[in-house]
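J.: 437 is the number of the first residue of the sequence shown in my numbering; add one for each residue after it. Think of the CB as a built atom: it goes at the ideal place given N, C-alpha and C, for glycine as much as any other residue. Okay, handing you the structure first.
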Amino acid sequence: MFYAEPIYRPPSEAYSLLIQATVGCSSAAAGRCYFCTSYIFDRKVPEKRFRIRPTEEILEDIEIAKEAHGDRVDKIFLLDSNAMIIKTGELLKILEKCYEAFPALKQVSCYACCGDILRKSDAELRELRQAGLKLVFVGVESGDQEVLDLMNKGATVQDQIDSVKKANMAGIQTSVTVILGLGGRRLWRQHATRTGKAAGQMNPTFFSALTLMVVPNSPLDAMVKKGEFELVTDPVEVLKELHLMIRNIDGPGPIVFRTNHASNYLPLRGTLPGDKESLLQTIQAALDNPDLLRPESMRGL
Numbered sequence: 437m438f439y440a441e442p443i444y445r446p447p448s449e450a451y452s453l454l455i456q457a458t459v460g461c462s463s464a465a466a467g468r469c470y471f472c473t474s475y476i477f478d479r480k481v482p483e484k485r486f487r488i489r490p491t492e493e494i495l496e497d498i499e500i501a502k503e504a505h506g507d508r509v510d511k512i513f514l515l516d517s518n519a520m521i522i523k524t525g526e527l528l529k530i531l532e533k534c535y536e537a538f539p540a541l542k543q544v545s546c547y548a549c550c551g552d553i554l555r556k557s558d559a560e561l562r563e564l565r566q567a568g569l570k571l572v573f574v575g576v577e578s579g580d581q582e583v584l585d586l587m588n589k590g591a592t593v594q595d596q597i598d599s600v601k602k603a604n605m606a607g608i609q610t611s612v613t614v615i616l617g618l619g620g621r622r623l624w625r626q627h628a629t630r631t632g633k634a635a636g637q638m639n640p641t642f643f644s645a646l647t648l649m650v651v652p653n654s655p656l657d658a659m660v661k662k663g664e665f666e667l668v669t670d671p672v673e674v675l676k677e678l679h680l681m682i683r684n685i686d687g688p689g690p691i692v693f694r695t696n697h698a699s700n701y702l703p704l705r706g707t708l709p710g711d712k713e714s715l716l717q718t719i720q721a722a723l724d725n726p727d728l729l730r731p732e733s734m735r736g737l
């Protein structure tokens, strides 16, 4: 099977069969997302430059995986950073082959940029859901337009909200991620407040927060070194940002909330809105006793 390493997948897909449908990230190829490792890989690692693999090659890899794994596969994740960009007709062929090859398969998922979702019609999204694309991961990063523009995300807050709602309406589960600290010290309050409000409007199936870790040699790294971006480095301040964000999430739910990524100082889990007060109390307890936080040496990308 073909893999263009290093590969990108969500932590929750650790035990899924990984199929390389696209390589790299279309947003990185367009020069967007100044904070992201993909930006560096697209320029420094030729094997990771963005491309959509030919469908026939993808189908061949699925057949190879079938011979290797038999009936043991129940989840598949389509690599890399936004396989949802694949044209609907070709994506349907891939989904059909996945379920044909693995009778026990329960779910196929992939990353998606908000534009990938918005470009597809409601009918296309419903067709993909019926074919077995059950979950998409959307890196929203922030619900504040000033932060998105600062990081050259190439999307509007409203586009991000609309894309998640559109996938939800088609019956596709959505997993949204945001990044604590992405507004820096200058924009942290509006980043937290508006991201929480945007999450409530999206009402995704899953919602998780990561904590910013600056990628060496990225545009954001250059901004930090030039003094154009002041990092939020104090874990207590990061927790205050998280507390404010959760306070502003006012969606009908249920939203499964997590901060269990390795970059975070405080792992949390709960379901909103029911666990909102409990989550806020847990954060406050950590603010009162910072010794409960994950040490810096234990954090990772």
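Find the nearest neighbour of M681 within the set L616, R479, R468, judged by alpha-carbon distance.
T.: Here residue 681 refers to the residue found at position 245 when the sequence shown is read from its first residue. Comparing Cα-Cα distances from M681 to each of L616, R479, R468, the minimum goes to L616.
J.: Tell me the start and end of each unbroken alpha helix (DSSP H) in the region 599-659 that is at least 4 residues and wholly inside, in chain order.
T.: With a minimum length of 4 residues, the continuous alpha helix (DSSP H) runs that stay inside the region 599-659 are 620-638.
J.: Give every residue of the same chain whose Cβ lies closer than 8 Å to the Cβ of V572, excluding the five residues on either side of it in the sequence, and list them in chain order.
T.: Here residue 572 refers to the residue found at position 136 when the sequence shown is read from its first residue. Counting only Cβ-Cβ distances below 8 Å, and skipping sequence neighbours, we find M520, S545, C546, Y547, A548, I553, A603, I608, Q609, T610, S611.
J.: Suppose you measure from the CA of L528 to the CA of L561; what does that come to, to the nearest Å?
T.: Residue 528 sits at position 92 when you count from the first residue of the sequence shown. Residue 561 sits at position 125 when you count from the first residue of the sequence shown. Their Cα atoms are separated by approximately 11 Å.
J.: Return yes when the Cβ of T613 is within less than 8 Å of the Cβ of S578, no when it is not.
T.: The sequence position of residue 578 within the sequence shown is 142, counting from 1. The sequence position of residue 613 within the sequence shown is 177, counting from 1. Taking 8 Å as the Cβ cut-off, S578 and T613 do not qualify as a contacting pair.
J.: Does DSSP put I522 in a helix, a strand or coil?
T.: Here residue 522 corresponds to residue number 86 of the sequence shown, with the count starting at 1. I522 falls in the coil class under three-state DSSP.
J.: Have a look at E732 and Q566 and give me their C-alpha separation to the nearest angstrom.
T.: Translated into positions along the sequence shown, residue 732 becomes position 296. Translated into positions along the sequence shown, residue 566 becomes position 130. Rounded to whole angstroms, E732 to Q566 spans 44 Å at the Cα level.
J.: Alpha carbon to alpha carbon, what distance is there between D507 and L454?
T.: Here residue 454 is taken as the residue at index 18 of the sequence shown, counted from 1. Here residue 507 is taken as the residue at index 71 of the sequence shown, counted from 1. Answer to the nearest angstrom: the Cα atoms are 15 Å apart.
J.: Between which two residues does the beta strand (DSSP E) containing V692 stretch?
T.: Looking up residue 692 in the sequence shown gives position 256. Unbroken beta strand (DSSP E) run through V692: 691-694.
J.: Alpha carbons only, please: which of A440, E441, P442, S448 is nearest the one belonging to T695?
T.: Along the sequence shown, read from residue 1 onward, the residue named residue 695 stands at position 259. The residue with the shortest Cα to Cα distance from T695 is S448.
J.: Which of the three DSSP states, helix, strand or coil, is assigned to L453?
T.: The residue labelled residue 453 in the question sits at position 17 within the sequence shown. The answer is strand: DSSP assigns L453 an E or B state.
J.: Can you name the start and end residues of the beta strand (DSSP E) that F477 belongs to?
T.: Sequence index remark: in the sequence shown, residue 477 carries index 41 (1-based). Counting along the chain, F477 falls outside any beta strand (DSSP E), though it belongs to the alpha helix (DSSP H) covering 473-480.
J.: Looking at the unbroken beta strand (DSSP E) that takes in T707, where does it start and where does it end?
T.: Residue mapping note: residue 707 aligns to position 271 of the sequence shown, counting from 1. Note, T707: beta strand (DSSP E), 705-708.
J.: For the alpha helix (DSSP H) containing K502, list its first residue and its last residue.
T.: Taking the sequence shown and counting its residues from 1, the one referred to as residue 502 is at position 66. Note, K502: alpha helix (DSSP H), 491-505.
J.: Specify the secondary structure class of I685 as computed by DSSP and reduced to three states.
T.: On the sequence shown, residue 685 is found 249 positions in, with the first residue counted as 1. Three-state result, I685: coil.
J.: How far does the alpha helix (DSSP H) with I553 in it reach, from first residue to last?
T.: What you label residue 553 is simply residue 117 of the sequence shown in a count that begins at 1. Looking at the DSSP string, the run of the alpha helix (DSSP H) that includes I553 is 550-554.
J.: Does V481 pass the burial test, meaning 16 or more other C-beta atoms within 10 Å, or should it be called exposed?
T.: Position 45 of the sequence shown, counting from 1, holds the residue named residue 481. Burial call: exposed.
J.: How long is the line joining the alpha carbons of H557 and P652, rounded to whole angstroms?
T.: On the sequence shown, position 121 is the one that residue 557 refers to. On the sequence shown, position 216 is the one that residue 652 refers to. Residue identity differs from the one stated: residue 557 is Ser in this sequence, not His. Distance between the alpha carbons of S557 and P652: 38 Å.
J.: Taking the alpha carbon of R485 as the point to measure from, which residue in E493, T491, I476 has its own alpha carbon closest?
T.: Position 49 of the sequence shown, counted from the first residue, corresponds to residue 485. When only C-alpha atoms are compared, the closest one is I476.
J.: DSSP three-state call for K570: helix, strand or coil?
T.: Residue numbering aside, residue 570 sits at position 134 when the sequence shown is read from its first letter. In the structure shown, K570 sits in a strand (DSSP, three-state: E or B).
J.: Among all the DSSP beta bridges, which residues are the ones paired with Q543?
T.: Stepping through the sequence shown from its first residue, residue 543 is reached at position 107. For Q543, which the question treats as bridged, DSSP gives the partners K511.
J.: What residue range is occupied by the uninterrupted alpha helix (DSSP H) comprising I719?
T.: Within the sequence shown, residue 719 is the residue found at index 283, counting from 1. Its alpha helix (DSSP H) spans residues 712-724.
J.: Do K589 and C461 have their C-beta atoms within less than 8 Å of each other?
T.: As a first step, residue 589 must be located in the sequence shown, where it is residue number 153. As a first step, residue 461 must be located in the sequence shown, where it is residue number 25. No. Outside cutoff.
J.: By alpha-carbon positions, which one of A457, P442, L514, I500 ends up nearest to P490?
T.: If you number the sequence shown from 1, residue 490 lands on position 54. Nearest of A457, P442, L514, I500 to P490, Cα basis: A457.
J.: Can you tell me the Cβ-Cβ gap for A559 and V509, rounded? I've got them flagged as a contact below 8 Å.
T.: On the sequence shown, position 123 is the one that residue 559 refers to. On the sequence shown, position 73 is the one that residue 509 refers to. Going by Cβ atoms, the distance from A559 to V509 rounds to 29 Å, so no, they are not a contact pair.
J.: C550 and S599 - do their beta-carbons sit closer together than 8 Å?
T.: Your numbering for residue 599 matches position 163 in the sequence shown. Your numbering for residue 550 matches position 114 in the sequence shown. Yes, Cβ-Cβ distance for S599 and C550 is below 8 Å.
J.: If V593 and L623 are in contact, beta carbons under 8 Å, what's the gap, nearest whole angstrom?
T.: As a position in the sequence shown, residue 593 is number 157, starting the count at 1. As a position in the sequence shown, residue 623 is number 187, starting the count at 1. Actually they do not touch by this definition, with Cβ atoms about 14 Å apart.
J.: Consult DSSP for E441 and reduce its assignment to one of helix, strand or coil.
T.: The residue you call residue 441 lines up with position 5 of the sequence shown. The answer is coil: DSSP assigns E441 none of H, G, I, E or B.
J.: Could you tell me how far apart the beta carbons of S597 and Q626 are, in whole angstroms, since I believe they sit closer than 8 Å?
T.: Here the question's residue 597 lines up with position 161 in the sequence shown. Here the question's residue 626 lines up with position 190 in the sequence shown. At residue 597 the sequence reads Ile, which differs from the Ser that was named. About 16 Å separates the two Cβ atoms, so there is no contact after all.
J.: Can you list, in chain order, the residues of its chain whose CB lies under 7 Å from that of P703, leaving out five sequence neighbours each side?
T.: Locating residue 703 in the sequence shown gives position 267, where the first residue counts as 1. Within the same chain, P703 has close Cβ partners T695, N696.
J.: Based on the DSSP secondary-structure assignment, which residues constitute the bridge partners of T458?
T.: Taking the sequence shown and counting its residues from 1, the one referred to as residue 458 is at position 22. Partner(s): I488.
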